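Just so you know, the protein sequences line up as chains A and B, in that order.
So the first sequence is residues 10 to 624, counted in the numbering used here.
So the second sequence is residues 8 to 301, counted in the numbering used here.
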Amino acid sequence: MAGNLARSNGLGIGRGAVTVTIAVASILFLLLPLFVLVFYSFNTGKVVTDWTGFSLHWYGDVLRDRALLLSLRNSLIVALISTVVATVLGTMAALAIGSSRGRNAKLLYNLLYVPVILPEVIFGVALLAIFVLFGMTLGLATICIAHITFSLPFVALIVVARVQTLDPAQAEASMDLGATRVQTLYRIILPALAPAIVAGALFAFTGSFDDFVATFFTAGVGSSTMPLRIYALLKNEITPLLNALSTILVGFTLLAVAASTLLQGGARARFFGKCLAAALTGVIVLLFAFTYSSVDNDRVLNIWSWAGYIAPEVIADFEREYDMTVTYDYLNDNEEMLVKMQSGAGGYDLTIPTGYMIEILKREHLIRRIGNVPNRALLDTAFTNLEFDPSGEYYVPYTYGCSGYGYDTTVVTTRPTSISVLWDERYRGRMTMLDDVFETLFAGYAKLGLDWTKRDPADLERVIAELRRQKPLLRKYEVSFYKEMLAADEIDIAHCWNGTIYKLNRENPNFDFFVPTEGALYFVDNFAIPRDALHPQNAELFINFMLRPDVAARNITALGYAMPHPGAIKLLAPDVANNRFIFVPKEDLAHCRLMPDFGEYQKTLLDAWTRLKGE
Amino acid sequence: MANAPARQRSGAGFARLLLFPPAVWMTLFFALPLGLVFLYSIGDSNTYGGVTFGCTLKNYRAIWDPFFLNIFLRSLLYSTGITVLSLLLAMPLAYVMACAPARWQKVMMFLIIIPFWTNFLVRMFAFIVLLGDNGLVNTLLTRLGVIGEPLPMMNSLFAVIVGFVYWNLPYMVLPLYAALERMEVAHVEAAMDLGAGRFTAFRTITLPASVPGIIAGVIFCFIPTLGCFVIPDILGGPDNLMIGNIITLQFLQARNWPLGSAFATIFITLVMVMISLGIRYYTPANEKARGSVL
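Below, the structure written as structure tokens:
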């Protein structure tokens with residue numbers, strides 16, 4: 010009786026209220042972050058948790074960001090190609106493995122799991138090494154290969170599960186009735202497998218569309234996909250621009266599904282379906298047309314640098330003035346750059362590493378001398394022969410700044426001068442230290458008044474003990490999002506770099522910055538030309554352009570970081586020139602040290618840091 | 008039926024033919040790089056990254072250390088809990104999906120897939136908006152008077168678990184659904200018509216039918232959770248290093264590729280053993296009786 014009742018209500022059977030509730034709740038849970046994203050994409054302001062009014066301007070920003078659209082195009086190309094290939098190959102593997110038994114099939118089946126479980130970073134590095142070994146140029150093709158390789162086993166595993174439940178009698182019947190093996194495959198087996206194949210293809214597509222790590226290692230010049238762009242943008246700041254982008258993508262998907270549903274309906278519905286499908290195709294064609302550019306191979310400059318580290322208008326002006334096409338791929342981390350350059354992946358003409366990395370790159374012969382840059386003469390000579398390259402031939406200084414502590418003056422009411430405030434119980438759970446081995450270890454050394462260049466193991470021991478004492482007081486170790494956490498009132502003090510507080514202070518004057526008297530690290534970021542650069546002369550032209558006083562002044566204003574360029578400083582608006590967050594006072598900088606290259610000792614420091622974090 | 012053995016033979020040949028392209032592909036772009044990882048793991052690290060090839064076990068000896076073992080155990084524990092939670096949420100969803108009319112199946116499938124269309128990192132950031140001290144959940148609960156003080160949810164184990172379950176759920180639901188969708192709902196109906204309770208029907212019909220899906224889902228969730236470092240990084244507090252973080256650190260910070268590779272080699276071996284054990288002890292009841300579909 011109960012069964013009959015359940016059946017008669019049209020919902021199927023065995024679906025008790027609890028089951029349905031959990032199911033609905035799970036779907037809502039999956040969609041919840043999406044609602045948040047869509048909602049805040051219409052927010053005027055920048056702070057993620059603050060609703061300040063309705064606006065569409067983030068959407069305008071997305072449509073104006075040509076590099077972002079280009080990365081979207083790249084992502085679509087890669088996802089489409091890799092899905093098709095991975096689905097075909099994966100289904101073939103699944104049919105072969107799922108339909109045979111015995112030791113070999115079982116072994117192959119187990120092997121399918123290995124790519125699924127391998128930490129992607131290892132897969133990425135190993136694949137990069139293989140590409141370099143084969144002499145392949147990194148680009149969309151290598152990204153596709155990487156994506157096919159990690160998607161194929163996913164597709165195969167999903168389809169195998171289905172193959173194993175197929176009834177062999179159907180295939181037998183088909184062949185008994187005279188169908189060939191191939192006909193049976195197309196007419197009987199594949200249709201029966203369709204749901205699993207579709208699920209596998211969806212997995213492959215979304216996996217590819219969203220992949221970061223493997224793509225990072227296999228991407229080359231100009232082939233940045235959207236996740237790479239987004240990651241680099243997020244490292245710079247959390248911007249509602251990304252919410253708008255996400256909303257556009259979700260909207261597009263919804264419309265595509267609507268179109269396919271309409272196409273299966275009646276005549277009227279099919280008409281609207283066709284119109285909608287045509288419109289969506291049009292949007293994609295527009296995207297491809299908009300991002301298409303024909304390139305003269307000699308008038309090209311490929312830059313590899315931090316997100317937001319060169320004002321976009323400056324690049325546009327350079328392109329116009331010198332009739333060149335600039336590609337600007339984002340860099341996330343000095344060490345990541347070293348891994349990639351060390352592996353022999355090249356193609357970039359210009360990059361902007363931090364000082365200590367210049368020393369390493371020079372020692373490993375990964376960068377070349379910078380020759381013809383007349384505007385070098387305009388630079389402050391205190392910066393042109395720094396300790397990481399006393400010859401001054403391998404780098405041209407770009408920006409400099411220092412670490413310190415940003416804080417909320419409404420909570421920390423007296424301006425701190427000592428680093429010991431970071432050990433203050435009153436701010437328990439409301440502080441972050443940088444998730445950076447050098448910065449945070451140096452803070453420990455500074456707190457204890459020890460010199461880290463002595464490399465004394467007993468000192469390191471004491472420093473770790475001191476930081477261990479601090480750890481329970483911290484909200485977390487954070488290197489990217491302390492600015493947003495400060496702005497959203499999640500924390501009160503953040504170990505950070507000066508430029509971020511410049512940006513934060515412009516939005517909310519309650520935030521201030523101090524450099525402790527015990528000391529901090531300062532950095533100089535520099536132009537460098539990789540050894541394998543294809544257009545080194547163009548890179549030199551660009552560096553020279555960047556050192557023009559008017560151009561440098563525009564960059565200082567846009568970035569919020571100082572440059573050792575007296576001529577440019579004269580051209581700055583007074584509120585920028587006198588800004589103590591950009592131009593950290595001389596007496597504060599006097600407490601700061603440049604980071605040395607520790608060579609082999611870095612492994613010891615990192616080991617200590619890993620243990621501190623992992624305990 | 009006279010030609011059955013011949014057909015069996017040519018079926019095996021056909022299977023081999025189908026296997027050839029994917030096998031070549033995976034050998035070139037997966038097995039070969041993996042071999043390289045193993046070579047790295049017995050090599051020496053250079054000061055600035057890269058590897059000098061050699062034959063040493065010192066990287067493996069370096070791993071035999073209470074600190075690393077501890078992290079490994081912790082990661083295992085987290086992963087197990089998170090996988091079980093994901094399974095508990097996914098099972099009802101997959102079941103409801105599999106029983107629903109075809110139209111609704113499509114809609115639900117779509118709703119599960121659509122979050123994938125936004126970047127993973129961007130979605131994780133939405134959790135900051137949701138779980139923060141001044142986030143939506145805390146604001147809502149405070150307004151309703153349920154709590155006086157905001158709950159400290161962000162940067163805690165709780166946030167990490169929420170993030171992981173969120174991330175895993177689709178990977179658990181889809182294989183489960185794929186398995187259950189094949190199940191004859193009529194069998195469940197029959198069992199219940201014959202007087203079986205809801206639980207008995209689940210245990211005797213639904214559960215066995217979903218075993219392949221459960222195995223696939225658990226592997227899709229458990230292992231990546233073990234290796235993932237982004238979620239603890241964004242949502243966790245100061246002390247949540249997982250094994251994935253350690254491996255990544257060796258490549259991207261410590262310039263110690265051999266140590267990272269040694270971790271990876273052990274990781275792969277362990278997981279392979281776990282999977283083989285799981286598969287050895289699971290043999291579908293009808294496997295022996297079945298012929299081949301090819």
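C-beta: ideal position from N, C-alpha, C; glycine also.
The model shown is predicted, which means the values in this text are computed figures rather than measured ones.
Please check if any C-beta of chain B sits within less than 8 Å of the C-beta of residue i.
i: T28(A); result: yes
i: I22(A); result: Reliability fails at I22(A), whose pLDDT of 42 lies under 50, so the model's placement of it is uncertain and the value that follows must be treated cautiously. Yes, I22(A) lies at the interface with chain B (some Cβ there is under 8 Å from its Cβ).
i: A265(A); result: no
i: F520(A); result: no
i: Y318(A); result: no
i: I369(A); result: yes
i: T61(A); result: no
i: P466(A); result: no
i: L41(A); result: yes
For residue i, count the other beta carbons within 10 Å of its own beta carbon; 16 or more makes it buried, fewer makes it exposed. Which is it?
i: K244(A); result: buried
i: A276(A); result: exposed
i: N263(B); result: buried
i: H374(A); result: exposed
i: E470(A); result: exposed
i: P291(B); result: The predicted model places P291(B) with a pLDDT of 47, which falls under 50 and marks its position as unreliable, so this point remains unresolved.
i: N252(B); result: buried
i: H66(A); result: exposed
i: W1(B); result: Examination of residue 1(B) is not possible in this model, given that chain B is present from 8 through 301 alone.
i: F225(A); result: buried
i: W315(A); result: buried
i: L250(A); result: buried
i: R150(B); result: exposed
i: W60(A); result: exposed
So is residue i in contact with chain A if we call contact Cβ pairs under 8 Å?
i: R150(B); result: no
i: D140(B); result: yes
i: A9(B); result: Because the pLDDT of A9(B) is 45, which lies under 50, any placement of that residue in the model is unreliable, and the number read from its coordinates should be weighed accordingly. No, because no Cβ of chain A sits closer than 8 Å to the Cβ of A9(B).
i: D246(B); result: yes
i: V136(B); result: yes
i: V103(B); result: yes
i: R210(B); result: no
i: T125(B); result: yes
Residue i bridges to which residues according to DSSP?
i: V626(A); result: Examination of residue 626(A) is not possible in this model, given that chain A is present from 10 through 624 alone.
i: C411(A); result: Y531(A)
i: M440(A); result: I502(A)
i: K485(A); result: T441(A)
i: F522(A); result: G415(A)
i: S52(B); result: V58(B)
i: T360(A); result: W313(A), A537(A)
i: N52(A); result: F63(A)
Rounding to the nearest angstrom, what Cα-Cα distance links residue i and residue j in this structure?
i: M555(A); j: A561(A); result: 6 Å
i: I70(B); j: S268(B); result: 11 Å
i: L263(A); j: L254(A); result: 14 Å
i: C475(A); j: G453(A); result: Note that residue 475(A) corresponds to Glu in the displayed sequence, not to Cys. One C-alpha to the other measures close to 7 Å.
i: G410(A); j: F532(A); result: 6 Å
i: I135(B); j: G142(B); result: 7 Å
i: Q351(A); j: P575(A); result: 36 Å
i: V144(B); j: V71(A); result: 29 Å
i: V420(A); j: A288(A); result: 54 Å
i: F592(A); j: A571(A); result: 6 Å
i: F221(A); j: D342(A); result: 15 Å
i: A170(A); j: A201(A); result: 12 Å
i: A9(B); j: R189(B); result: For A9(B), the pLDDT reaches just 45, beneath the cut-off of 50, and the residue's location in the model is therefore unreliable, although a value from the coordinates is still provided. Cα-Cα distance, rounded: 31 Å.
i: F21(B); j: V172(A); result: 15 Å
i: A210(A); j: Q611(A); result: 44 Å
i: G25(A); j: F171(B); result: 27 Å
i: Q179(A); j: I222(B); result: 26 Å
(message) Can you confirm whether the segment 375–392 of chain A touches the segment 324–339 of chain A when touching is taken to mean that 3 or more C-beta pairs between the two stretches lie within less than 8 Å?
(response) no
(request) State whether the segment 150–159 of chain B contacts the segment 170–188 of chain B, with contact taken as three or more CB pairs (one from each stretch) at a distance under 8 Å. (result) no
(request) Tell me, please, whether the segment 306–316 of chain A touches the segment 533–545 of chain A by the rule of three or more beta-carbon pairs shorter than 8 Å. (result) Yes, the segment 306–316 of chain A is in contact with the segment 533–545 of chain A.
(request) Evaluate the contact criterion for the segment 60–75 of chain B versus the segment 42–49 of chain B: three or more CB pairs, one atom per stretch, below 8 Å. (result) yes
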